[in-house]
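What follows is a short report on a single structure.
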Amino acid sequence: MRIFDPHIHMTSRTTDDYEAMYEAGVRALVEPAFWLGQPRTGVRSFLDYFDSLVGWEPFRAAQFGIRHHCTIALNPKEANDPRCVDVLDELPRYLAKDGVVAVGEVGYDSMTKEEDEAFTRQLDLAKEHELPIMVHTPHRDKAAGTKRTLDVVRESGIDPGMVVVDHLNEMTVKMVVESGSWAAFSIYPDTKMDEDRMVRILQEFGTDRMLVNSAADWGRSDPLKTRKTGDAMLAAGFSADDVDKVLWRNPVEFYGQSGRLDLEDLKTDETFEGNSVLRGVRKDA
Amino acid sequence: MTPDDLRAALDLTPEAAAWLEDARRKIADDPAKLAVLFPAAGRKVGRGALENLTGWTADDAARALLLDALPRPRAAAVSRAYADGDNAEKRAVLRALPILGLGDEGLPLVRDALRTNDTRLVAAAMGPYAAAHLDDESWRHGVLKCVFVGVPVAAVAGLADRADAELARMLTDFAKEREAAGRVVPDDVHLVLQLADQES
Chain A
1 MRIFDPHIHM TSRTTDDYEA MYEAGVRALV EPAFWLGQPR TGVRSFLDYF DSLVGWEPFR
61 AAQFGIRHHC TIALNPKEAN DPRCVDVLDE LPRYLAKDGV VAVGEVGYDS MTKEEDEAFT
121 RQLDLAKEHE LPIMVHTPHR DKAAGTKRTL DVVRESGIDP GMVVVDHLNE MTVKMVVESG
181 SWAAFSIYPD TKMDEDRMVR ILQEFGTDRM LVNSAADWGR SDPLKTRKTG DAMLAAGFSA
241 DDVDKVLWRN PVEFYGQSGR LDLEDLKTDE TFEGNSVLRG VRKDA
Chain B
1001 MTPDDLRAAL DLTPEAAAWL EDARRKIADD PAKLAVLFPA AGRKVGRGAL ENLTGWTADD
1061 AARALLLDAL PRPRAAAVSR AYADGDNAEK RAVLRALPIL GLGDEGLPLV RDALRTNDTR
1121 LVAAAMGPYA AAHLDDESWR HGVLKCVFVG VPVAAVAGLA DRADAELARM LTDFAKEREA
1181 AGRVVPDDVH LVLQLADQES
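Chains A and B, in that order, are what the protein sequence lines are.
Here the first sequence is numbered in our numbering, starting from 1 and rising by one per residue.
Here the second sequence is numbered in our numbering, starting from 1001 and rising by one per residue.
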């Protein structure tokens, strides 16, 4: 089983995790910029974090046979802190980097005016840099927050196919699927979504435009939840090709829209017809 | 090593060559343009290893040529490209140092790279620029770090000229420490000791 984890915070994980992920079939991942457990107090703190996402962490991942990409943004929670907001002026130079495959995580935490401003400004940046967008949906008041997210995306005029809306559940999946955006699910040990509920959602809504991630971070989480979801899909009667679509071809197609995925010479267990696998992959001259 | 050597080693498509020359003109006119063009180089010219320039990749060479287009004095702009770069960009700046005519002003970048644990940066930092400019103490520690983190000393420029008795002492101590721990002593230790012996 080859796996592309489209959302995992490796900065918070150990080398044991990288080894276990490789063993489970993970060969590529995207690490979205987000908040740390400890609030940041200024712009410089963000820049060191972003530098790590395009510098040290890809090197660390590469030592374990895993390709690391990232998304860059001011996250919604810290968009409320006036000491942090000026980081928005620094984003363009990061959005020019090879390893940056989307703008994110953007969206809402508490749905404040400040979050609105940061969200719309970063949607504009994504348009300008022709990058996909990863949207976080709030943990509290999720359905209302997701609806408002989709309204803002619609008003921005961005192609919904360039947007992934993350951390969805039974209450929010339908509106995202109907909007034409990509639907993403964070499989957690005891919150958000689990493997068996995920299988039922895939049975009801199909495998098109569906992304499954572990979203593993500094909280209680499991970097092998992608693999466990693949196993649960097989046990429920999905084919190996269905699993490959959800866990590999879908994230490659979504992030491939950046033209910056680096998946050449990757050692995976399986090869596919070759049509969608390399789509959007960086081209070496 | 000159910009012309880099051009000769780069086997570019007409499209990529046109992009590179256009980018050089833009940077010469407005150095601020480097911020957008420098990260884009790998996407435009590729990242493959250059056949006739050992250790260099196409993006390294293209980025070195972009830095070479900066008007003088250029030390501040080069330092900025390093500070703002991802690790592929940082590596390219380090590789480019010998052709940029910066005198000693590139040394802070070399010292920064030698503090990292990214083996690609450590290797690039110990190139011809370090051989020509880095003080003895820092240079010896650079060689020791290469051996320690597994960067082949073949990447160290000027090794035969600069290896001395003090470097030999440091590596001998390192070898003893490894032997005491029952660990393997890298072959490169013996190679450097031989070179140091010939020197002294």
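Even glycine gets a Cβ: it sits at the ideal position worked out from N, Cα and C.
Below 6 angstroms CB to CB, which residues in the same chain sit around Ala1157(B) once its five sequence neighbours on both sides are set aside?
The answer, listed in chain order, is Gly1127, Pro1128, Ala1131.
For the alpha helix (DSSP H) that contains Leu133(A), what are its first and last residues?
Looking at the sequence itself, residue 133(A) is Ile, so the reference to Leu does not match. Bounds of any alpha helix (DSSP H) do not take in Ile133(A); it lies within the beta strand (DSSP E) bounded by 133-136.
Measuring CB to CB, does Asp1197(B) end up less than 8 angstroms from Lys97(A)?
No, Cβ-Cβ distance for Asp1197(B) and Lys97(A) is not below 8 angstroms.
What does Leu98(A) reach in chain B if we use C-beta pairs closer than 8 angstroms?
For the sequence presented, residue 98(A) should be read as Asp rather than Leu. Within chain B, the residues near Asp98(A) are Pro1039, Gly1042, Arg1043, Asp1086, Ala1088.
Exposed or buried, which one is Met233(A) when buried takes at least 16 other CB atoms within 10 Å?
Met233(A) comes out buried.
Below 6 angstroms CB to CB, which residues in the same chain sit around Ala1075(B) once its five sequence neighbours on both sides are set aside?
The residues are Leu1102, Glu1105.
Using a Cβ-Cβ distance under 8 angstroms, would Leu261(A) count as near chain B?
Against chain B, the CB of Leu261(A) has no partner CB under 8 angstroms away; the residue lies outside that interface.
In the DSSP output, what is Phe4(A) paired with across the bridge?
Under DSSP, Phe4(A) forms a beta bridge with Ala28(A).
For Leu1065(B) and Gly145(A), what's the separation of their Cα atoms in angstroms?
So the two alpha carbons sit approximately 49 angstroms from each other.
Given Asp1068(B) as reference, the closest of Gly1055(B), Leu1094(B), Leu1050(B), Ala1083(B) once Cα atoms are compared:
If we check each option's Cα against that of Asp1068(B), Leu1094(B) comes out closest.
Whether or not the region 1168-1177 of chain B and the region 1138-1152 of chain B are in contact is what I'm after, with contact meaning three or more pairs of Cβ atoms, one per stretch, closer than 8 angstroms; do they touch?
Three or more beta-carbon pairs separated by less than 8 angstroms link the region 1138-1152 of chain B to the region 1168-1177 of chain B, which places the two stretches in contact.
Going straight from the alpha carbon of Arg67(A) to that of Glu19(A), what length do you get?
Looking at the backbone, the Cα of Arg67(A) and that of Glu19(A) are separated by about 13 angstroms.
Grab the span of the beta strand (DSSP E) containing Ala102(A) for me, first residue to last.
From DSSP, the beta strand (DSSP E) with Ala102(A) extends over 100-107.
Sequence-distant residues of the same chain with beta carbon closer than 8 angstroms to Asp1059(B), five excluded per side
Ala1041, Gly1042, Val1045, Gly1046, Arg1047, Ala1088, Ala1092.
Which residues in the same chain as Val199(A) place their Cβ atom closer than 7 angstroms to its Cβ, once the five residues preceding and following it in sequence are excluded?
Excluding five sequence positions before and after Val199(A), the CB atoms of its chain that fall closer than 7 angstroms to its own CB belong to Ala232, Met233, Ala236, given in chain order.
Can you list, in chain order, the residues of the region 56-72 of chain A whose Cβ is nearer than 8 angstroms to any Cβ on chain B?
For the region 56-72 of chain A, the set of residues with a beta-carbon nearer than 8 angstroms to any beta-carbon of chain B comprises Trp56, Pro58, Phe59, in chain order.
Indicate whether Ala1163(B) and Val1192(B) have their beta-carbon atoms separated by less than 8 angstroms.
Yes. Within cutoff.
Give the interface partners of Val135(A) over in chain B, defined as CB-CB distance under 9 angstroms, in chain order.
By Cβ distance, chain B contributes nothing, its closest Cβ being about 25 angstroms from Val135(A), past 9 angstroms.
Any idea which residues DSSP pairs Arg67(A) with across the strands?
Ala28(A).
With DSSP run on the structure shown, which of helix, strand or coil describes Ile158(A)?
Shown here, Ile158(A) sits in coil according to DSSP, grouped into three states, outside any helix or strand.
Buried or exposed by the 16-neighbour rule on C-beta atoms within 10 Å, applied to Gln122(A):
Under this definition Gln122(A) is a buried residue.
With respect to the beta strand (DSSP E) encompassing Leu211(A), which residues constitute its N-terminal and C-terminal limits?
Counting along the chain, the beta strand (DSSP E) containing Leu211(A) begins and ends at 210-213.
Cβ atoms of Pro76(A) and Gly107(A): under 8 angstroms apart, would you say?
In contact: Gly107(A) and Pro76(A) (Cβ atoms closer than 8 angstroms).
In its own chain, which residues sit with a C-beta less than 7 angstroms from the C-beta of His1190(B), not counting the 5 before and 5 after it?
For His1190(B), there are no CB contacts under 7 angstroms within the same chain when 5 residues up- and downstream are skipped.
Residue nearest to Tyr49(A) in terms of C-alpha spacing, selected from Ala1008(B), Leu1006(B), Asp1084(B), Phe1148(B):
When only C-alpha atoms are compared, the closest one is Asp1084(B).
Secondary structure at Leu1193(B), three-state DSSP: helix, strand or coil?
Here Leu1193(B) carries a helix assignment [DSSP, helix/strand/coil].
Does DSSP put Leu261(A) in a helix, in a strand, or in coil?
Looking at Leu261(A) - three-state DSSP - the assignment turns out to be strand.
Buried or exposed by the 16-neighbour rule on C-beta atoms within 10 Å, applied to Met193(A):
That one is buried.
Beta-carbon contacts of Thr41(A) that lie in its chain and below 7 angstroms, excluding the five residues immediately before and after:
Arg83.
Could you tell me if Ala143(A) is buried or exposed, where buried requires 16 or more neighbouring beta carbons within 10 angstroms of its beta carbon?
Label assigned to Ala143(A): exposed.
Could you list which residues in chain B have their beta carbon closer than 7 angstroms to that of Arg289(A), in chain order?
Past the edges of chain A, shown from 1 to 285, lies residue 289(A), and the structure says nothing about it.
Cutoff 8 angstroms; reference Gly1150(B); Cβ partners in own chain excluding five residues on either side
Only residues of its own chain outside the window of five on either side were considered, and among them Thr1119, Pro1186 have a CB closer than 8 angstroms to the CB of Gly1150(B), listed in chain order.
What residues are listed by DSSP as bridge partners for Val163(A)?
According to DSSP, which records beta bridges pairwise, Val163(A) is partnered with Ile133(A).
Kindly identify the DSSP beta-bridge partner or partners of Ala183(A).
Within the DSSP bridge table, the entry for Ala183(A) names Val165(A), Met210(A) as partners.
What whole-angstrom Cβ distance do Pro251(A) and Phe4(A) have, given they're in contact under 8 angstroms?
So it is a contact: roughly 4 angstroms between Cβ atoms.
Does any CB atom of chain A fall closer than 8 angstroms to the CB of Ala1035(B)?
Cβ-Cβ to chain A under 8 angstroms: yes for Ala1035(B).
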